[in-house]
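A short write-up of the structure that comes next.
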Amino acid sequence: MAPGPRLLSREALLALAGAMLLSMAWFFPAWFEGRSQYSTDLVLAKEPWKSELGRAEGHPQNAQLGDLDAYFFPQLAFAVRERHERGAWPLWNPEIYAGTSLIGNPQVPLWNPFVRVLPWFQEAGAPFSPWRLALGLTWTGILRFVLCGAFAYLWLRRLGGHPLAAAAGALFVCAGPYASLWRFSTPEQVLSLMPMALSLLEGLRRGWHGPSVVGLALGWGLSCLGGYPQTSLILGLFLLVYWWSRTAAGTRRAPFLAAGTGLLLGTLLALPCWLPFVQFLGEASVGALRAAAAAAANRSATVGSEVLVVAIVLGAVGALLAPDTSRLRKGALGLLGASLLVTLLLEDGWRSSVVPLSTLPTDYVPGSVNSIEAGQCSLGFALLPVFLFVGLARRNLGTLCAIVLVLQLGTGSELCGLPVRNMLPLVDPTRFAVLLPLLVAIGLLPAWEGLRRLGLRELWLRIAIVPALAIALLPGIGWLPTLGPEDCYPSTTTIETLEHERASTPGFRLLVVDKDLLPVNAPLVYDLPLMLGADGMDPEHMVFLLVHLLPEGSYGLPRPDWTAGFLRLDLPLVDNLGVTHVLAPAGTARPAGFSEVSATGAVVLWRNDEAAPRAELLAEARSFEADRYGLLTMAPDAAVVLFGTPPPLPGPAMGTGSVRVAESGPDRLVLATEADGAAWLLLRAAWLPGWHATVDGAPVEVLRADFAFMGLALPAGGHEVVLHYRPWTYDLGLWAAGLSLFVLGCLLGFEARRALSRRSGSPAPAAGPDPS
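Per our numbering, residue 193 is the first one in the sequence shown, and the count goes up by one each step.
Encoded structure:
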């Protein structure tokens, strides 16, 4: 089998040029009209934009891309705004849940080069622009699209695929349904550079090659920095099985060492993102608000499904690619058969998830949900007979793909319903759907060759590939909205009022409860601190406080069912949380202690004049264990609540005192205090390990106070208190990434020296193990 084109060959350059031309056609509005194709259109269908701008009627907003508007864009907007206006990337986000780790949020991979360049799209000297961020995300997404298409072609050619089959597979990977659904979002970021890693893995089959090791490390490392750790882990397992299967038994030592070195160095590059995330998992209640829906009963079945699906997919990949496939194929088929048997035993009946062709919508509207799902069903119908036909002729890849498709299209059970969503990712995408583009691309190669061996002339194959690609790419056509500056988070009267209130209210903190009132974290785009959020990175202790705003007996109520009229907003706990403003639907009864600021369109804004300040000095401390529920009804200025027995103050308690915020930033806070006696400093910012404090330059312990906030003891007099956030996992990750970059630089240096030595005719130093 031919080794395939090299990275600097004519064919590789043509593949790059072809991917560039395809991007011009696929992203025509971005290339030739200067518009953004990143989805931020969901806000236009929500309040206050819907009633105040009147732009939601008939707006072609794409509800299935809501994750971009809800989770990714607002958090990224905060980070890029801080970098643009303050000159530094933040590690902490104080604008949600009274503060949460930003470096521990994998959806905002701050070390990803595609994220690092986003401030370049902002206008120097001008305020942060959401439109320019959306434009930057569009162009970095286009760059990933080009790299994905070009390297996918090289990878499939190195697998021995026919040029047309390789081109078809590359199109499916870079422009198919999975990439179209997650375009510019974190799952696509994970997938888009995997063809680069796979292509270089194929190159390492020839033996040790320093530049290929470096490229593999960068491709795999950037994939880990894409933002979805679960997806990265699945792809990592796929890489390991793929490499083991593709390496011949007699030549595994040197290639295995080369591939292992590249994967290890790539993993080290991702540790500045992964280590803080793992640490945050142990300190926060990720998804705690959604867990309040009492859905834990289905967790064991879901986990079992995921494990089984991973085993099936990885076993099938090993069976398809191993040099001696008989035993592995039997094992993979056994897993598939076991999945089907368990389904038949556990399910009362079969539920078909196939949509008959006669029911497909005739009024296809690009970007509509129904047309996307219909296109995916059409894709399933198109692939199924092809793989079945080829599988009957050659009992290899086609047979396995046919069995998988039959399982997916034929059942909706707990154990096999997940594969249904894998192969139809636009219906209900899952983490495991990331393997679909790669497996289909691999499957196209033997399908092409099998049809040729059956006697089908290549001319007919060339003709048949056109409608096949049209069906495969149909779901992505028109899937993305095209937006101008006027469509990207436009300002409204309510937003302007909130911005004015924030400027005039020290410690401004907004509570937005009703899920349809504002698009989840949209206020973050406008630099408006939130008391709630839905970014999946919820500090556990803060969530446990917030659920006590629900009426007794309703603590398991799902987060989407919370409303401003349902919560007990007149509790002193609201004051202690530092909530200064509440945004509610018009007509909601105003709680006692609140005053109305404005009523515009369908929303009303209230001010809480009793909200506790961000920082406060208190003379008394109480034990949480002594009165576990006292914090819910206690006046905010009564005492600080600590765990265990409160330690004694360093001197007589104060009579009067004051505290002033001298410097405020996302990762650093400087407070100036003055008191006539010893006091407790209560800072109403979320407590998490990673925060460090000094008093007049001397380090002190940061205590968890009032269950979710930070506190520390101060002696009498005036003091400067400095708090800064920097978790040790982040520093450890930086050292690991630096070591990886050093080793990668040395590898490139050795290879450059070898190349120069070969040109000069002198002996070359060894840059790695002997390929023999």
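Every residue, glycine too, gets a C-beta built ideally from N, C-alpha and C.
- Pairing L636 with L348 gives a Cβ-Cβ distance under 9 Å.
- Remark: three or more beta-carbon pairs, one from each stretch, lie closer than 8 Å, so the stretch 285 to 302 and the stretch 416 to 426 are flagged as touching.
- Spanning the alpha carbons of G411 and L383 requires a straight line of approximately 10 Å.
- For N768, the enclosing alpha helix (DSSP H) has its first and last residue at 764 to 768.
- One thing to note: N285 has its Cβ no nearer than 9 Å to the Cβ of F264.
- Where V862 is concerned, the enclosing beta strand (DSSP E) starts and stops at 860 to 867.
- The alpha-carbon separation between T689 and A827 amounts to approximately 29 Å.
- For R799, the secondary structure class from DSSP, reduced to helix, strand or coil, is strand.
- Apart from the 5 residues on each side of it in sequence, P891 sits with its Cβ closer than 8 Å to the Cβ of H884, A885 in its chain, given in chain order.
- Positions of the alpha helix (DSSP H) runs, each at least 4 residues long and wholly inside the stretch 313 to 350, are given as 322 to 350 in order along the chain.
- V235 sits away from P629, with the two beta carbons spaced by 9 Å or more.
- The distance from the Cβ of L809 to that of L742 is about 31 Å, inconsistent with a contact at the 8 Å cut-off.
- Of the other Cβ atoms in all chains shown, fewer than 16 fall within 10 Å of the Cβ of W927; this residue is therefore exposed.
- Residue environment: E812 is assigned as exposed (fewer than 16 neighbouring CB atoms within 10 Å of its CB, all protein chains considered).
- Measuring C-alpha to C-alpha distances from D898 to each of I288, K242, G770 identifies G770 as the nearest.
- Residue pairing by DSSP leaves E688 without any beta bridge partner.
- For P266, no beta strand (DSSP E) encloses it; the enclosing alpha helix (DSSP H) starts and ends at 265 to 278.
- By the 16-neighbour rule on beta-carbons within 10 angstroms, W640 is buried.
- Contact between A344 and G328 is ruled out by a C-beta separation of about 24 Å, above the 8 Å threshold.
- At least 9 Å separates the beta-carbon of L396 from that of A358.
- Here the C-alpha atom of W879 lies approximately 13 Å from the C-alpha atom of I288.
- Around the beta-carbon of L863, 16 or more other beta-carbon atoms lie within 10 Å, marking it buried.
- Between the stretch 770 to 781 and the stretch 704 to 721, the count of Cβ pairs shorter than 8 Å is three or higher; the stretches touch.
- Closest option to L351, judged by alpha-carbon separation, among S952, R438, P305, T772: R438.
- In the structure shown, the three-state DSSP call for A804 is coil.
- The Cβ-Cβ distance between L294 and P858 falls below 9 Å.
- By the neighbour-count definition (other C-beta atoms within 10 Å, threshold 16), M902 is a buried residue.
- When C-beta atoms of the stretch 679 to 687 are compared with those of the stretch 227 to 247, three or more pairs fall below 8 Å, so the two segments count as touching.
- The residue among S321, V309, G757 with its C-alpha nearest the C-alpha of P266 is S321.
- Straight across, the Cα-Cα distance linking P355 with E203 is about 10 Å.
- Taking the Cβ atoms as the reference, R918 lies roughly 6 Å from L283, within the contact range of under 8 Å.
- Taking C-alpha positions only, L473 is separated from W466 by approximately 11 Å.
- Look at T453 here: in three-state DSSP terms it is helix.
- Note on geometry: alpha-carbon atoms of A217 and T330 lie some 14 Å from one another.
- In summary, P305 is exposed, with fewer than 16 beta-carbon neighbours lying within 10 Å of its beta-carbon over all protein chains present.
- Non-local C-beta neighbours of G676 in its own chain, meaning closer than 6 Å and more than five positions away in sequence, comprise R227, ordered along the chain.
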